[in-house]
Amino acid sequence: MAAVAASEEDLALAHELADLADEITMGRFRAEDLVIETKPDLTPVSEADRAVEQALRDRLAVLRPDDAVMGEEYGARGARAGADAKRRWIVDPIDGTMSYVRGVPVWGTLLALEEDGELTLGVVSAPALGRRWWGSAGRGSFARENGTTRSLRVSGVRELADAQLCFSDYDGWLREGRIGALLDLSARCWRTRGYGDFWQHMLVAEGAAEIAVDPDVSVWDLAAVLVVVREAGGCLTDLDGMQRADGGDGVSTNGLLHDEVLAALRGS
1 MAAVAASEED
11 LALAHELADL
21 ADEITMGRFR
31 AEDLVIETKP
41 DLTPVSEADR
51 AVEQALRDRL
61 AVLRPDDAVM
71 GEEYGARGAR
81 AGADAKRRWI
91 VDPIDGTMSY
101 VRGVPVWGTL
111 LALEEDGELT
121 LGVVSAPALG
131 RRWWGSAGRG
141 SFARENGTTR
151 SLRVSGVREL
161 ADAQLCFSDY
171 DGWLREGRIG
181 ALLDLSARCW
191 RTRGYGDFWQ
201 HMLVAEGAAE
211 IAVDPDVSVW
221 DLAAVLVVVR
231 EAGGCLTDLD
241 GMQRADGGDG
251 VSTNGLLHDE
261 VLAALRGS
């Protein structure tokens with residue numbers, strides 16, 4: 001069943017929030033005095049991560065006071081902030097913090113809106129790359145670069161031998177005991193590149209790649225990109241084939257190769 005379309009007002013707000021995030025992140029990107037800490041899971045978090053999420057929460061508290069918010073840095077907000085909330089904004093203030101703190105421009109802010117359990121819009125903003133992608137249920141997906149906006153459509157590649165595969169790194173696949181399956185899939189594809197994070201999924205939505213795989217991710221890593229990929233005609237599921245952002249892993253494809261890719265990653 002198709003997701004209910006998000007309102008034009010919500011999409012405009014998502015862009016407004018992305019603009020606010022871009023201003024904060026670019027203001028601290030490559031700053032010599034950027035404060036970086038280590039979270040309990042041993043991943044880095046910068047002052048910019050926290051500043052962005054707090055700014056977006058503050059803005060939503062004013063403009064959408066009845067909406068729940070789920071974010072990477074501060075968790076859920078409000079009594080109805082769980083997965084059963086009628087309307088929930090899902091925020092990853094900086095996807096690709098490891099790149100951000102090292103001065104690599106491949107990072108972005110991810111925003112999604114979930115309504116009655118359905119993801120209805122997603123915005124992915126990567127200001128250091130000068131790019132933004134967004135999708136809205138029933139209205140398609142788009143990208144803007146250097147002031148030019150274009151609609152997105154996944155590729156029509158039907159054979160793994162012609163497909164480009166993207167992945168983040170080997171560590172997660174080693175931890176999950178699936179490194180052999182990933183390498184076997186890679187050997188069957190035309191080309192493999194380690195773009196990682198949100199960007200690999202945006203390449204699938206653009207039709208520049210056919211497959212992007214993540215073995216260990218959270219809902220805020222995938223919620224926005226799921227909408228963009230879906231509305232571009234592609235498919236994003238967990239490794240069990242369920243279309244969801246909270247499954248702990250994610251595979252996006254142009255749709256035509258999805259079943260074959262999942263079978264390969266399961267080793268079946």
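Note that this note's numbering numbers the sequence shown so that position 49 is 49, with each residue one more than the last.
Glycine included, C-beta positions come from ideal geometry on N, C-alpha and C.
None of these values were measured; they are calculated from a predicted model.
Secondary structure of residue i, DSSP reduced to three states
| i | result |
| --- | --- |
| Gly250 | strand |
| Arg319 | Nothing in the structure corresponds to residue 319, since the chain is present only between 1 and 268. |
| Gly255 | coil |
| Ala5 | coil |
| Arg175 | helix |
Residue j beta carbon less than 8 Å from that of residue i
| i | j | result |
| --- | --- | --- |
| Arg139 | Ala5 | yes |
| Asp197 | Asp58 | no |
| Arg150 | Ala143 | yes |
| Asp271 | Thr97 | One cannot answer for residue 271 here, as it falls past the ends of the chain, which runs 1 to 268. |
| Ala224 | Ala112 | yes |
| Leu121 | Asp10 | yes |
| His241 | Gly255 | Residue identity differs from the one stated: residue 241 is Gly in this sequence, not His. Contact: no. |
| Pro105 | Ala21 | no |
| Gly267 | Ala187 | no |
| Glu32 | Glu53 | no |
Cβ neighbours of residue i in the same chain (closer than 8 Å, five flanking residues each side left out)
| i | result |
| --- | --- |
| Val251 | Ile211, Ala212, Val213, Asp214, Leu236, Thr237, Asp238, Leu239, His258, Val261, Leu262 and Leu265 |
| Gly103 | Phe29 and Arg30 |
Close beta carbons around residue i, own chain, < 6 Å, minus the five adjacent residues each side
| i | result |
| --- | --- |
| Arg87 | Asp67 and Glu115 |
| Arg132 | Ser125 and Arg144 |
| Val101 | Ile36, Pro44 and Ser46 |
| Arg193 | Cys166 |
| Pro127 | Asp22 and Met26 |
7 Å CB neighbourhood of residue i in its chain, flanking five on each side removed
| i | result |
| --- | --- |
| Val35 | Ser46 and Glu47 |
| Trp190 | Ala161, Asp162, Ala163 and Gln164 |
| Ala245 | Leu119, Val219, Leu222, Ala223 and Leu226 |
| Thr253 | Val204, Glu210, Ile211, Gly234, Cys235 and Val261 |
| Thr38 | Pro44 |
Complete beta strand (DSSP E) runs within the segment 7-93 (minimum length 3 residues, chain order) = 36-38, 44-46, 68-71 and 75-77
Complete alpha helix (DSSP H) runs within the segment 189-215 (minimum length 4 residues, chain order) | 197-206
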